[in-house]
Each structure stands twice: as C-alpha cells, then as structure tokens.
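Read through the structure below, which is laid out as structure tokens, and then see the notes.
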Amino acid sequence: MAKQQQPLLFVERPAAPTTRTLAEIVKSAGVAGLVDADLRADQARYQDVTCRSALNRVTGMPFKWTLNPYRGCTHACHYCFARRYQTQFELGAGDDFASLILVKRNLVEVLRRELDHPSWRREQVALGTATDPYQPIEGHYRLTRGSLEALARSSTPVGVVTKGPMVVRDRDVLADLCRTTRSVVYVSVPTVDDDAWRALEPGTAPPLQRLRAVRAMADAGVNVGVLMAPIVPGFSSARSKVERTIKAIADHGARFVGCNVMYLQDGTRAHFMDFLRQHFPAMVPRMERLYARRSPPAAYQHEIKAMVRTLQARYGLERRRMLDQSREGEGETGAEPEQVGFGW
Ligand code: SF4
Numbered sequence: 002m003a004k005q006q007q008p009l010l011f012v013e014r015p016a017a018p019t020t021r022t023l024a025e026i027v028k029s030a031g032v033a034g035l036v037d038a039d040l041r042a043d044q045a046r047y048q049d050v051t052c053r054s055a056l057n058r059v060t061g062m063p064f065k066w067t068l069n070p071y072r073g074c075t076h077a078c079h080y081c082f083a084r085r086y087q088t089q090f091e092l093g094a095g096d097d098f099a100s101l102i103l104v105k106r107n108l109v110e111v112l113r114r115e116l117d118h119p120s121w122r123r124e125q126v127a128l129g130t131a132t133d134p135y136q137p138i139e140g141h142y143r144l145t146r147g148s149l150e151a152l153a154r155s156s157t158p159v160g161v162v163t164k165g166p167m168v169v170r171d172r173d174v175l176a177d178l179c180r181t182t183r184s185v186v187y188v189s190v191p192t193v194d195d196d197a198w199r200a201l202e203p204g205t206a207p208p209l210q211r212l213r214a215v216r217a218m219a220d221a222g223v224n225v226g227v228l229m230a231p232i233v234p235g236f237s238s239a240r241s242k243v244e245r246t247i248k249a250i251a252d253h254g255a256r257f258v259g260c261n262v263m264y265l266q267d268g269t270r271a272h273f274m275d276f277l278r279q280h281f282p283a284m285v286p287r288m289e290r291l292y293a294r295r296s297p298p299a300a301y302q303h304e305i306k307a308m309v310r311t312l313q314a315r316y317g318l319e320r321r322r323m324l325d326q327s328r329e330g331e332g333e334t335g336a337e338p339e340q341v342g343f344g345w
C-alpha cells in the first residue's frame, strides 16, 4: 500500500544567503536579482542574510570590536562614511545604501556563541560604526535589542552610536550595561539647524527629538553624550549654529560632547559631490578646494575643534573624543581662539 503523505505543517523558508553569495548575485544580476528582498512601506527593500560571525575585529580605532545588525541605512545621510563599504557587496554607495538594507537575521544567535567562547576577553564592542542600529526597521527585527541583552549577560561593555530616538526603548538594558561595565551611548546630533538637517540627513528624526532621547536616557541612568559628527563645512560650521547646538546639547542633560569635521573618501566622496552638484551647485568649487584630500586642511579642522572646545567649556560640557573618525591630534596646536575666522 502506498505510504500516505503527511500534510506539511511548516513550510521551511530557504536559508538566507551569506553576504558572499549575495555579492555574487548582485554582481551577476544587479539588485533586481535579489528576488526575496521584502519591499516595505518605507520603499526600502530588506534582504535577509546569514552571518557567519557577529563580532568583527577592527584595527586603528579606539575600540577593537564592532557589531552591525544591518548593512545600509535608511537614515540616508549624504555624508555617511559607511556608504563606501557598500561596494564590498557590489552595491552602489548612492541610492543602494539607503534603499537596500541587509538584515543579519541569525546575528543574536551567533553573537551568543561568540560571547560564550572561553577566549572572549570582554573588550568593548562598538555598535553603529557602519549602519545605525536604531534605524526604523529595528522596531520590527529587534536585533540590536537582542544583541545588547546578550552583551549585558556576558558583562561586555558597549559603545553605541545612533541617530535613532528608538534607543530610548532599550534604556533599561543600556542603563544596566552602564551600571556594570564601562559602557557609553552617543546620540549623534551634528547640528540643530533645521535647514542643514533637512538637506544632509533626510531619513533621520529631527535633532530636537534626538536630544529629547538624550534627556530620557540620562534620566534613566545611561551614560549618554552627544556626538556633533560630522560638522559639515558650509552647512553646520558657522559659529552661531555650533553655539546653538552646543547650548541645546547642554540643556538636554548630555554628559559630554565630541565632534569631528566631515571627511570624504571613495564612494562617499563621489556621492556627496553628486548631491552638491544636484542641490547646491554654487558650493561645489569651494568644497572641492577644501576637500582636495580626504579631510580639510589641518588648520581648518583645528579652527573648528578649537571653537567647539571653547563653547563646550562655556556650557559646562565635558570633552569626549571616542569615535572621532578623523585622525585625532592632527593639526592640534593647543591654541583655543575665542573667535574663528573661516568663512564656512
Ligand atoms: S545614521 Fe549613521 S549610518 Fe545611517 S546614514 Fe546616517 S551617518 Fe550613516
């Protein structure tokens, strides 16, 4: 008698591709080859990927490990240094960066294994170095939340950088991490100037909403500060804008503030210059002069940083320099002018 076929109770979803497979698909068929990517209401496409490791070892940074639950970022900041990393997946640093997001669905499971390994030394792990861990889709997948819980369980300190007010959701676990380890949260608010925000960070929450998140986390016991990063010449570098921003940061209970000046490299540079040509053509010649190299001249950076230091002191904010992506110390002479003379 023929064996009766059992009904299928679960339809197994095929395993998500690894990033290497994904890069091969994109190389041969373009982004259109990612037929399983979900198109969501925000018009971004979300592609599940299988990660083999969760913690990435890095060198030349103030931390040794990074963790990124997603690749790409719907916050879509035009200056984003992570745009250039997209080329590792055969993706473009322009629209692809903000409209196709890779989701490491097995990240928390892999992370738990790595943290349980006897060789793990509990060195600080940085989140938010190549994508925003609190971009809106985190509300759905909760990969950042799961990662923080695993890190807290293993008493591993974290440094989180985000522009997403959703970070407030996780203030319980972040406060726990700050109580038991040397952890820190940086909310990124490069400027409170509305015009600069709208132009440069089209997918982010308004700066004051981010600062309210700072207040909520400080009240919950999180060691929270603000990164004015990056300050973008011509958009947010005027002294009046910098002073308004630092005053607002101090008013919202931040414990410290750090800053850097925008740098442009590879795909990020190409994208940023295209953006300027399209929307602010009059700025192009000057920006090209200022960015003849990856960063503006050391003297220019020094002027901006000195101005920020002066204003920090005026508003009682401690200086903190972790995650300053520009080469620290470069061009610093120790002089701290009260006024600076640059036009932008
Ligand atoms: S929020 Fe951060 S990771 Fe996202 S686009 Fe902006 S700078 Fe890049």
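In this text, residue positions in the sequence shown follow this note's numbering: the first is 2, and each later residue adds one. In this text, a Cβ means the ideal position worked out from N, Cα and C, and glycines have one as well.
Just curious, the beta strand (DSSP E) that residue i is in, first and last residue?
| i | result |
| --- | --- |
| phenylalanine 257 | 257-262 |
| leucine 128 | 126-128 |
| glycine 226 | 225-232 |
| aspartate 43 | No beta strand (DSSP E) holds aspartate 43; DSSP gives it neither H nor E. |
| valine 159 | 159-163 |
| tryptophan 66 | 66-68 |
| valine 104 | 101-105 |
Can you tell me which of the options puts its alpha carbon nearest to the alpha carbon of residue i?
| i | options | result |
| --- | --- | --- |
| tyrosine 292 | Gln313, Val309, Thr181, Val262 | Val262 |
| glycine 259 | Arg240, Val186, Lys105, Arg278 | Val186 |
| proline 158 | Ala127, Asp133, Arg143 | Ala127 |
| leucine 228 | Ala45, Thr130, Glu110 | Thr130 |
| arginine 46 | Gly73, Ala55, Thr60 | Gly73 |
| aspartate 309 | Arg240, Gly226, Arg122 | Looking at the sequence shown, residue 309 is not aspartate but valine. For the residues Arg240, Gly226, Arg122, the minimum Cα distance to valine 309 belongs to Arg240. |
| threonine 88 | Thr311, Thr269, Tyr316, Leu277 | Thr269 |
| histidine 303 | Met284, Ile232, Leu318, Tyr316 | Ile232 |
| glutamate 139 | Ser156, Gly222, Asn69, Arg113 | Asn69 |
| threonine 219 | Tyr264, Ala251, Arg199, Ala200 | As written in the sequence, residue 219 is alanine, which differs from the threonine given in the question. Checking every option, the nearest Cα to that of alanine 219 belongs to Ala251. |
| arginine 290 | Ile305, Lys306, Gln279, Gly235 | Gly235 |
| isoleucine 26 | Tyr264, Gln48, Val225 | Gln48 |
| glycine 34 | Pro282, Ala153, Leu92 | Leu92 |
| arginine 180 | Gly226, Leu209, Ala153 | Ala153 |
| serine 184 | Met288, Tyr71, Gly226 | Gly226 |
At the level of alpha carbons, what is the spacing between residue i and residue j?
| i | j | result |
| --- | --- | --- |
| alanine 151 | leucine 101 | 27 Å |
| alanine 314 | lysine 248 | 11 Å |
| cysteine 81 | phenylalanine 98 | 10 Å |
| tyrosine 316 | threonine 192 | 16 Å |
| aspartate 117 | serine 155 | 8 Å |
| threonine 20 | valine 59 | 18 Å |
| arginine 113 | valine 174 | 16 Å |
| glutamate 115 | arginine 53 | 11 Å |
| arginine 106 | valine 168 | 20 Å |
| tryptophan 66 | threonine 132 | 15 Å |
| leucine 318 | arginine 256 | 7 Å |
| glutamine 125 | serine 296 | 28 Å |
| asparagine 224 | glycine 31 | 43 Å |
| alanine 217 | alanine 16 | 39 Å |
| threonine 22 | aspartate 37 | 13 Å |
| arginine 122 | leucine 56 | 12 Å |
| proline 18 | glycine 204 | 27 Å |
| leucine 324 | methionine 62 | Residue placement at leucine 324 is poorly supported in this model, since its pLDDT is 39, which falls under 50; the coordinates still yield a value, given next. One C-alpha to the other measures close to 7 Å. |
| proline 137 | leucine 144 | 12 Å |
| glycine 254 | alanine 230 | 18 Å |
| phenylalanine 273 | leucine 265 | 8 Å |
| arginine 322 | serine 120 | At arginine 322, the pLDDT of 44 sits below 50, so the modelled position is not reliable; the number obtained from the coordinates is stated separately. Looking at the two C-alpha atoms, the distance is approximately 29 Å. |
| phenylalanine 281 | lysine 306 | 25 Å |
| phenylalanine 64 | valine 161 | 12 Å |
| tyrosine 71 | threonine 163 | 13 Å |
Assuming residue i and residue j are in contact, meaning their beta carbons sit under 8 Å apart, how far apart are those beta carbons, in whole angstroms?
| i | j | result |
| --- | --- | --- |
| arginine 85 | aspartate 275 | That pair is no contact at about 14 Å. |
| glycine 165 | tyrosine 135 | 3 Å |
| serine 148 | valine 109 | 6 Å |
| glutamate 244 | leucine 312 | 5 Å |
| arginine 172 | valine 188 | 12 Å between Cβ atoms; not a contact. |
| cysteine 78 | leucine 277 | The Cβ separation is near 14 Å, so there is no contact. |
| aspartate 194 | serine 237 | 6 Å |
| alanine 214 | alanine 176 | Their Cβ separation, rounded to whole angstroms, is 14 Å, which puts alanine 214 and alanine 176 out of contact at 8 Å. |
| aspartate 43 | threonine 75 | 6 Å |
| alanine 83 | alanine 271 | Not a contact, Cβ separation roughly 14 Å. |
Hey, quick one: how far does the alpha helix (DSSP H) through residue i stretch, first residue to last?
| i | result |
| --- | --- |
| tyrosine 187 | Note, tyrosine 187: premise wrong, no alpha helix (DSSP H); beta strand (DSSP E) at 185-189. |
| isoleucine 138 | Premise fails: isoleucine 138 is in no alpha helix (DSSP H) and is neither H nor E. |
| leucine 277 | 267-280 |
| tryptophan 198 | 195-201 |
| aspartate 177 | 172-181 |
| methionine 288 | 285-291 |
| arginine 240 | 240-252 |
| arginine 213 | 208-220 |
| leucine 112 | 108-117 |
| glutamine 313 | 299-315 |
| leucine 149 | 144-154 |
Of all the CB atoms in chain C, is at least one closer than 8 Å to the CB of residue i?
| i | result |
| --- | --- |
| glycine 129 | Of the protein chains in this structure there is only one, and it is not chain C. |
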